[in-house]
Structures are given as C-alpha cells and as structure tokens.
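Quick note on the UniProt record's numbering: the sequence shown kicks off at 1 and runs consecutively. Ideal Cβ positions, reconstructed from N, Cα and C, are used throughout, including at glycine. First the structure, in the form of structure tokens, and then the observations on it.
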Amino acid sequence: MIIFLLSFIDKKMSPYYSIPIKEHEWRRRMENVECLMNFGLTRQEANLYVLLVLEGELNGYEAAKKSGISRSNTYNALAGLVEKGAAYMSEEDTVKYQAVPVEEFCDNKIRDLKKSKKELAAKLPKQRINKGAYLTIKGERQILDKFTNMLRETKERVYVSASNEKLNMFREYFTDLAGRGIKVVIITNEPFELKGAIIYLTEHKKEQIRLITDSTYVLTGDLVDRYNAACLYSSNHNLAEVFKDALANEIKLLEIKKGNQ
1 MIIFLLSFID KKMSPYYSIP IKEHEWRRRM ENVECLMNFG LTRQEANLYV LLVLEGELNG
61 YEAAKKSGIS RSNTYNALAG LVEKGAAYMS EEDTVKYQAV PVEEFCDNKI RDLKKSKKEL
121 AAKLPKQRIN KGAYLTIKGE RQILDKFTNM LRETKERVYV SASNEKLNMF REYFTDLAGR
181 GIKVVIITNE PFELKGAIIY LTEHKKEQIR LITDSTYVLT GDLVDRYNAA CLYSSNHNLA
241 EVFKDALANE IKLLEIKKGN Q
C-alpha cells in the first residue's frame, strides 16, 4: 500500500488524497488525471473530478477535506467543473456536486471540438507555409503527433528507422498503408511482423527515430524522454535527398551483411 498523492507529477503542489491504495491503482488514477487534463480540465479540477467519481456526491467542505486541497481552491475548481460541463450541482440544504458520467463529458467535448474545427477551417485565412524550413519539434507527445500525421498523409511510400517499441505504437497506421499498396520500408532492432512491408533488422538506439514520407517530408531526432525529446522536421528537398541516400546505403549494407551470413 502507498499514499495516493494526486499531485505527484507536480512536486511543488500540496499532496492531495491521503488515501492508502495499491500502487497499480494509484498509477491508474494518475493516468486518469492526465487524460482528463487533455479534455480541458486543470489538474485540481481533474483531481476533484476523480474524487467525485469515487465518492458519488460531495459538498465543497467535504471535497476540500477529502482531497486536502484548500477550501478556496476547492470551491474554484468545483465551479470550474460545473462551468466546463464535468459536474452537476444539486441545491438542497447545501450545494452538492456530482460528476457528469465520463463518456457523456468526453463526447460533449469532442462534439464541441469538431464543431469548432469546422468553423476555424472555414473562417481562418489560409495559412502561409514556408516550404523547406527546418522546424524543431519538442516534447514526446508533439513528436508522436507529428509522426502520426505524417503517416496519415502518406500517399506513395514511407521509410522509417525506429525501435520495435516505437513501431508498435503506430502499427495500425503501417498496416493500413501496406494494405493500400503503399510502399513501407522499415529498419528496426527486433523482428517486426507486418504483411506487405519490407523489413530490415539492425542494431538501433531505442530513442532514435527517422521517418521519410513520399520522398519529401523528413522527421528525425531522439525521443530521449517525455520532456527532453526533440526532432527536426522539414520538407527541404536537399535534406530529404540526404536522408534517402543515407537510408539507401544503410539498406545496401544490411543486404550485403545478410548475404554473407
């Protein structure tokens, strides 16, 4: 058993939820808080949402006492949950709060975001793009998002050099590409089964990734950790040619090595 500290990720915050629970349950709840923050909740709001899910219904005083969050911050966070559609209020003898079911809350947010996306796409001026620029992408999540979007937009071919662990994160996209007859060439460190793909095995640094799509777009760098990951992205023709040649040479060496075994 350990103490469940909802503020574990931000060590500068006061500990919340002094509730003894098992470590795997604590980790799952921490992941839930992170996911809720993706839907526009602050960390305190997400913490209190989880508390309301666990407890059912609480007034502000009870929520503050059980969470360990100051009363003023608790009332502000609860008001935020109501405003953002994550909690209901019931006004009886005292005002109490109840979590909106997570599926309903998430569906509402996704529906609103899709509507806003259409409006922005229709109303915003067309973006001016500096083709061939060298762009730095920082943060693991941002890099993985870019990796995903590059695969989704691939029309003809994709060359990727990455660890087996990283490749598995995008298996569904590689499967879709290969299934549509798009050329998929993979260089990785461990066996990776993918029908229709050309796969080469070699020693590979786990954190390193290289991706070239349609002989035009390049993403290269290191996923060192969640916060310090950084990659270079560009559609510069010369850079794409350099990386294509480098991968082609690496593939030739692997084929020669395989033939000599």
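Assigned with DSSP and collapsed to three states, Asn59 falls in strand. Around the beta carbon of Leu58, 16 or more other beta carbons sit within 10 angstroms, so the residue counts as buried. Between the region 150-159 and the region 205-214 there are three or more C-beta pairs closer than 8 Å, enough to call the two in contact.
For Ser161, the enclosing beta strand (DSSP E) has its first and last residue at Arg157 to Ser161.
Distance from the CA of Leu120 to the CA of Lys258, rounded to the nearest whole angstrom, comes to 52 Å.
With distances taken between CA atoms, Asn228 lies nearest to Ile137 out of Cys35, Ile137, Ser116 and Thr74.
Ile110 has its alpha-carbon roughly 26 Å from the corresponding atom of Phe174.
The DSSP-derived three-state label of Ile182 is coil. When DSSP states are grouped into helix, strand and coil, Ile187 belongs to the strand group.
By DSSP's assignment, Asp222 forms a beta bridge with Gln208 and Ala230. According to the DSSP assignment, Gln142 belongs to no beta strand (DSSP E) but to the alpha helix (DSSP H) extending over Glu140 to Arg152. It is roughly 26 Å from the alpha-carbon of Met37 to the alpha-carbon of Arg171. When DSSP states are grouped into helix, strand and coil, Lys96 belongs to the strand group. Within its own chain, no residue has a Cβ closer than 6 Å to the Cβ of Leu124 once the five positions on either side in sequence are excluded.
Using a C-beta cut-off of 8 Å, the region 78-98 makes no contact with the region 125-133, since fewer than three inter-stretch Cβ pairs fall below that distance. Straight-line measurement puts the Cα of Leu135 at about 27 Å from the Cα of Glu34. According to DSSP, residue pairing for Ile199 in a beta bridge involves Ile186.
With fewer than 16 other CB atoms across the displayed protein chains lying within 10 angstroms of its CB, Leu253 is exposed.
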